[in-house]
Amino acid sequence: MDANAWTQYGCGVVALTARQPDDARFWADLEAAAHSSAYSLGLIFFSQDSFPADLLRSKMAEYAVGLPYAACSTADEIGGVDEGAGRCLAILFPRDQFAITPFRIDGIRSIGFDRIVAQVKRERQALEHDPAPFAGTEDRGDTFALCLIDGLSVVEEMVTAALHWALEDIPLLGGSAGDSMHFSKTSLILNGAAGDDCAIVLLCRSRIPFKIFKTDNFIPTDRKLVVTRSDPASRIIYEFNAAEAASEYALAVGLDPSSLSPLSFASHPLVVRVGGEYYCRSVQKVNPDGSLSFFCAIDDGIVLTVAEPTGMSRSTREAFESVDAEIGGIDFVLGFDCALRRIDAQNRQATQRINAIYDAYNVLGFNTYGEQYLSMHLNHTFTGIAFAKLSTEPETPS
Amino acid sequence: MSLYDIDDPVRLKKINAALVNRVEQAVDQQRNAFSLFETAISLEGQIRKRTDELTSALRRLEEINVELARQKDISERANRSKTQFLAAASHDILQPLNAAQLTISSLYDLQQSDKATAMVAQVERSLDTMNELLRTLLDISRLDAGVTMPRFTSVPIPPILDSLLSDLRPMAEKKGLRLRVAVTNDCVYTDRLMLRRALQNLISNAIHYTDKGGVLIGTRRQGDRISIEVIDTGRGIPEDQQEKIFEEFHRGPLSEGAADQGTGLGLGLAIVNRLVTALNHEVSVQSSPGKGSVFRISALRALSPPALQNPETQQSAPPAAKGNLSGRRILVLENDPAVVEAMEGLLANWGCEFKVGRSTRDALEALESLRWIPDLIIADHHLDHGNLGTETLAQLFTILPTKVPAILATADASETVVGEAKRLGVEHMPKPVKPAQLRALATHMINGGE
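Those protein sequence lines, which keep their order, are chains R and B.
Under my numbering, the residues of the first sequence are numbered 13 to 410, in order.
Under my numbering, the residues of the second sequence are numbered 2 to 451, in order.
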């Protein structure tokens with residue numbers, strides 16, 4: 013199994029996985045990769061239960077000397093070999109195909125919209141004025157932006173809107189960092205500096221054609237919940253329909269209020285209708301006072317509809333097939349998949365089917381506390397960027 | 002329990018209030034996180050598309066602007082370096098031509114047969130044409146490069162035209178054209194030589210392109226301005242050509258004879274345009290094909306009569322005295338081998354006794370401790386070891402017991418050099434030097450000194 017821990021895709025992107033922090037092979041591979049100088053950046057998704065952020069930082073400092081990297085804690089990793097919870101997944105982007113400018117926006121809870129816009133615009137200008145992002149070619153590639161953001165910051169909407177505003181026509185995609193469903197503290201690391209209450213933005217130039225996309229699945233029912241008392245700033249709903257939020261929700265979905273868990277929220281998502289479309293507003297947890305905390309913005313007076321997340325594997329497969337056809341074959345996908353989608357799949361015994369789809373299209377990514385897509389912060393959704401297979405060249409004898 | 006099953010009026014009231022507030026808040030457009038989310042969604046829909054279009058249009062414009070600025074910069078730089086190069090190279094360009102003209106003159110004197118004489122004369126004319134062409138090009142480049150700076154004074158119009166027409170009248174008479182002047186006794190604030198050059202080109206052009214009738218030069222006052230008009234009865238210029246004629250190497254169809262005379266290089270109006278621009282005057286043309294044209298230079302009128310003119314007429318060619326240079330001692334200060342050779346041939350033909358000095362030290366040695374005193378010194382400005390003709394002359398003058406007349410022959414017509422020549426009391430003669438002119442000047446100066 014160790015022999016397969018290093019997976020290389022057609023465009024040269026490499027995925028490495030480790031189950032234990034003392035996986036010597038993983039660190040030896042990273043050390044070799046860093047030493048080769050062939051990679052412009054390492055993107056690392058880790059479960060901080062088994063890989064504490066500080067340990068990861070010191071290991072990276074010891075082995076991956078000189079390799080720029082951005083990392084965040086997750087609610088689980090997607091892709092690479094040796095699937096299963098609690099791993100560390102490293103994705104290495106080859107320098108000849110990807111030029112990446114990473115930067116961190118600190119103190120997102122207090123920084124404000126305008127200062128984020130200013131910072132992103134500065135970075136963007138530097139990126140645009142780089143005369144030759146790729147050595148030895150005039151090809152400048154196409155640009156996209158990735159963001160990794162503290163999933164417990166409660167300001168993802170504002171940050172996403174600011175990023176989108178500053179990035180203008182550069183497509184934005186991202187995921188909210190998680191902490192294995194403890195809802196206590198996430199970790200984001202950029203080049204050895206760790207923290208929460210921050211977002212890491214990666215401005216990327218890719219010589220590989222790409223396409224961003226999203227997929228979700230839910231069918232609204234006729235059961236409505238009106239938010240009659242809430243605290244939008246902390247994303248807590250105290251009352252639905254002028255009754256205690258947790259009880260009223262349980263009543264609407266037909267469950268015992270005392271048994272509410274992530275599984276309940278995954279199986280019975282709440283959606284809001286905006287502009288003729290439904291968008292999911294996922295419940296994070298039940299609080300002791302019977303209120304509900306959410307993964308995304310809520311407000312007084314909004315009408316939530318109970319939905320049924322049916323046909324997940326079918327809608328997911330169709331989304332991938334469509335993108336695959338559009339770009340002429342998918343090489344690999346960087347994906348941000350809602351943690352509740354994974355839980356819902358497990359509940360429906362659909363995990364294998366979903367995993368098979370992800371494997372078939374080489375999805376690398378993590379389970380999130382929220383997904384960013386262009387200007388939106390979403391829930392219960394898969395957002396991804398698919399990179400095209402390059403036309404197959406005749407194999408050179410090795 | 003569904004929302005629709007609720008019948009508790011307290012709860013219903015509360016739900017109702019929440020909804021009412023929500024609706025009102027949505028209208029107020031408060032910027033909390035949820036409204037940002039809603040905005041994000043609507044952005045995706047309608048606004049985004051329009052923003053995209055606008056953004057990409059703006060970006061295209063920006064790119065075009067950047068590209069335009071870049072191209073403009075490139076062409077301006079290229080133009081600057083071209084003109085700077087030409088202005089700087091003028092000395093080197095004219096030097097070999099000068100040598101050739103001197104040599105051809107010697108060759109002319111050596112010819113026995115009429116046929117050979119005619120051929121040499123033909124070559125000499127070609128060299129003259131080339132000389133004229135090069136000078137004009139260099140003048141243009143000097144104007145473009147900003148090397149030629151006008152010296153503004155108050156200049157009366159009639160004297161300029163008097164001197165011009167004495168040169169041009171024979172040309173008009175040869176074609177059977179009337180040449181008339183009807184100008185007021187006004188003054189223009191201008192550079193006398195530059196304005197003269199511009200008028201000369203306009204009048205000689207008018208003569209070239211007119212086959213019958215004549216050319217009238219008149220003035221017209223317009224407020225504080227005055228325009229000098231050159232009116233001909235020539236073939237005229239079609240309207241679509243009237244801007245192009247001021248471009249280089251654009252010329253109208255000449256009558257058959259004119260082309261043979263080597264005239265009409267197509268630079269006349271180009272240089273007029275530049276001269277007039279440098280002088281802050283305006284040039285314009287009105288023309289009707291088949292009837293004739295009016296070229297007009299409009300300038301600020303000078304209100305006061307001019308101060309005493311410095312005697313620049315002195316500079317024009319002196320009367321070609323048929324003096325004898327035979328046996329005269331000439332010291333030539335020149336370091337260009339081709340010019341030295343040509344001068345040697347020329348001076349030998351004239352029967353002069355001459356010595357050549359390539360530097361100040363050479364020149365001093367040539368004097369043989371004052372046992373060999375020259376009757377005339379002909380000096381180039383650029384000598385070996387970086388010695389300047391004016392410096393060498395100044396040194397020689399301090400040593401020589403008598404004032405020896407000297408000619409500074411140089412392609413360098415800058416104010417510094419002309420001023421320096423004047424200060425030293427030597428004659429400045431622009432290169433290329435025409436043998437006949439040189440001979441006449443040399444004779445005049447040697448005889449005048451006696």
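All residues carry an ideal CB built from backbone N, CA and C; glycine is no exception.
Can a CB atom of chain R be found closer than 9 Å to the CB of residue i?
{"i": "leucine 62 of chain B", "result": "no"}
{"i": "arginine 23 of chain B", "result": "yes"}
{"i": "valine 333 of chain B", "result": "no"}
{"i": "glutamine 287 of chain B", "result": "no"}
{"i": "threonine 56 of chain B", "result": "yes"}
{"i": "asparagine 388 of chain B", "result": "no"}
{"i": "arginine 12 of chain B", "result": "yes"}
{"i": "serine 294 of chain B", "result": "no"}
{"i": "threonine 40 of chain B", "result": "yes"}
{"i": "aspartate 53 of chain B", "result": "yes"}
On the CB-based measure, 16 or more other CB atoms within 10 Å of its CB, does residue i come out buried or exposed?
{"i": "lysine 423 of chain B", "result": "exposed"}
{"i": "methionine 195 of chain B", "result": "buried"}
{"i": "asparagine 391 of chain R", "result": "buried"}
{"i": "isoleucine 374 of chain B", "result": "exposed"}
{"i": "glutamine 137 of chain R", "result": "exposed"}
{"i": "arginine 285 of chain R", "result": "exposed"}
{"i": "glutamine 364 of chain R", "result": "exposed"}
{"i": "methionine 150 of chain B", "result": "exposed"}
{"i": "tyrosine 250 of chain R", "result": "buried"}
{"i": "glutamine 434 of chain R", "result": "Beyond the ends of chain R as shown, which are 13 and 410, falls residue 434 of chain R; an answer cannot be given."}
{"i": "lysine 404 of chain B", "result": "exposed"}
{"i": "proline 436 of chain B", "result": "buried"}
{"i": "alanine 308 of chain B", "result": "Reliability of the predicted coordinates at alanine 308 of chain B is poor, the pLDDT of 45 falling under 50, and no value is obtained from them."}
{"i": "proline 406 of chain B", "result": "buried"}
Give the C-beta separation of residue i and residue j to the nearest angstrom, bearing in mind that I take them to be a contact with Cβ-Cβ under 8 Å.
{"i": "arginine 239 of chain R", "j": "isoleucine 339 of chain R", "result": "First, the residue type needs correcting, since residue 239 of chain R is valine and not arginine in the sequence shown. With 8 Å as the limit, valine 239 of chain R and isoleucine 339 of chain R do not qualify as a contact, their Cβ atoms being about 41 Å apart."}
{"i": "glycine 204 of chain R", "j": "alanine 351 of chain R", "result": "Actually they are not in contact, since the Cβ atoms of glycine 204 of chain R and alanine 351 of chain R sit about 27 Å apart, beyond 8 Å."}
{"i": "proline 221 of chain R", "j": "tyrosine 290 of chain R", "result": "Proline 221 of chain R to tyrosine 290 of chain R, Cβ: 31 Å. No contact."}
With 9 Å as the threshold, decide whether the Cβ of residue i is near any Cβ in chain B.
{"i": "glutamate 169 of chain R", "result": "yes"}
{"i": "aspartate 181 of chain R", "result": "yes"}
{"i": "methionine 388 of chain R", "result": "yes"}
{"i": "valine 132 of chain R", "result": "no"}
{"i": "leucine 237 of chain R", "result": "yes"}
{"i": "valine 283 of chain R", "result": "no"}
{"i": "aspartate 311 of chain R", "result": "yes"}
{"i": "valine 77 of chain R", "result": "no"}
{"i": "histidine 392 of chain R", "result": "no"}
{"i": "aspartate 268 of chain R", "result": "no"}
{"i": "valine 213 of chain R", "result": "no"}
{"i": "aspartate 234 of chain R", "result": "yes"}
{"i": "glycine 287 of chain R", "result": "yes"}
{"i": "alanine 17 of chain R", "result": "no"}
{"i": "threonine 227 of chain R", "result": "no"}
Which residues share a DSSP beta bridge with residue i?
{"i": "tyrosine 385 of chain R", "result": "R:Leu185, R:Met388"}
{"i": "proline 157 of chain B", "result": "B:Cys188"}
{"i": "lysine 297 of chain R", "result": "R:Ser305"}
{"i": "proline 274 of chain R", "result": "In the DSSP output, where bridge partners are listed per residue, proline 274 of chain R has none listed."}
{"i": "tryptophan 18 of chain R", "result": "R:Leu28"}
{"i": "cysteine 84 of chain R", "result": "R:Phe57, R:Leu200"}
{"i": "methionine 1 of chain B", "result": "The shown model of chain B, from 2 to 451, leaves out residue 1 of chain B, and the question about it has no answer."}
{"i": "arginine 99 of chain R", "result": "Its beta-bridge partners do not exist; DSSP assigns none."}
Check: Contact between the region 75–85 of chain B and the region 311–329 of chain R: three or more CB pairs below 8 Å?
Finding: Taking 8 Å as the limit for Cβ pairs, the verdict is that the region 311–329 of chain R does not touch the region 75–85 of chain B.
Item checked: Any 3 or more C-beta pairs closer than 8 Å across the region 195–211 of chain R and the region 141–151 of chain R -> Result no; under three Cβ-Cβ pairs closer than 8 Å.
Check: Is the region 350–369 of chain B close to the region 323–335 of chain B, with three or more CB pairs under 8 Å?
Finding: Touching, yes, given that three or more Cβ pairs across the two stretches are closer than 8 Å.
Margin query: Measuring CB atoms only, is the region 335–353 of chain B touching the region 282–302 of chain B, in the sense that at least three cross pairs come out at less than 8 Å?
Written below: With a cut-off of 8 Å, the region 282–302 of chain B and the region 335–353 of chain B do not count as touching, because too few Cβ pairs lie within range.
Check: Does the region 173–187 of chain R touch the region 228–248 of chain R, meaning 3 or more C-beta pairs lie closer than 8 Å?
Finding: No, the region 228–248 of chain R is not in contact with the region 173–187 of chain R.
Next item on the list: Decide yes or no for the touch test of the region 96–114 of chain R against the region 29–38 of chain R: beta carbon pairs closer than 8 Å, at least 3 of them.
Entry: A contact between stretches requires three or more CB pairs, one per stretch, nearer than 8 Å, and the region 96–114 of chain R meets this requirement with the region 29–38 of chain R.
Notebook entry, point to check: Using a Cβ cut-off of 8 Å, which residues of the region 144–159 of chain R contact any Cβ in chain C, in chain order?
Noted result: Here chain C cannot be found, since the structure's protein chains are R and B.
Check: Between the region 366–385 of chain R and the region 215–222 of chain R, do at least 3 Cβ pairs fall closer than 8 Å?
Finding: Proximity of the region 366–385 of chain R to the region 215–222 of chain R falls short of the contact definition, fewer than three beta-carbon pairs being nearer than 8 Å.
Margin query: Contact between the region 117–132 of chain R and the region 84–92 of chain R is defined here as three or more beta-carbon pairs at a separation below 8 Å; is this criterion met?
Written below: No, the region 117–132 of chain R does not touch the region 84–92 of chain R.
Checklist line | Segment contact flag, the region 231–246 of chain B with the region 203–220 of chain B, C-beta cutoff 8 Å, min 3 pairs | finding: Result yes; three or more Cβ-Cβ pairs closer than 8 Å.
Item checked: Stretch-stretch touch, CB-based, cutoff 8 Å, three pairs: the region 35–44 of chain R with the region 60–70 of chain R -> No, the region 35–44 of chain R does not touch the region 60–70 of chain R.
Checklist line | Segment contact, 8 Å Cβ cut-off, at least three pairs: the region 162–181 of chain B with the region 124–133 of chain B | finding: Counting C-beta pairs with one atom in each stretch, the region 162–181 of chain B and the region 124–133 of chain B have fewer than three that are closer than 8 Å, which means they do not touch.
Next item on the list: Kindly confirm or deny that the region 424–432 of chain B and the region 360–371 of chain B touch, where touching means at least three C-beta pairs closer than 8 Å.
Entry: Judged by Cβ distances under 8 Å, the region 424–432 of chain B makes no contact with the region 360–371 of chain B, as fewer than three pairs qualify.
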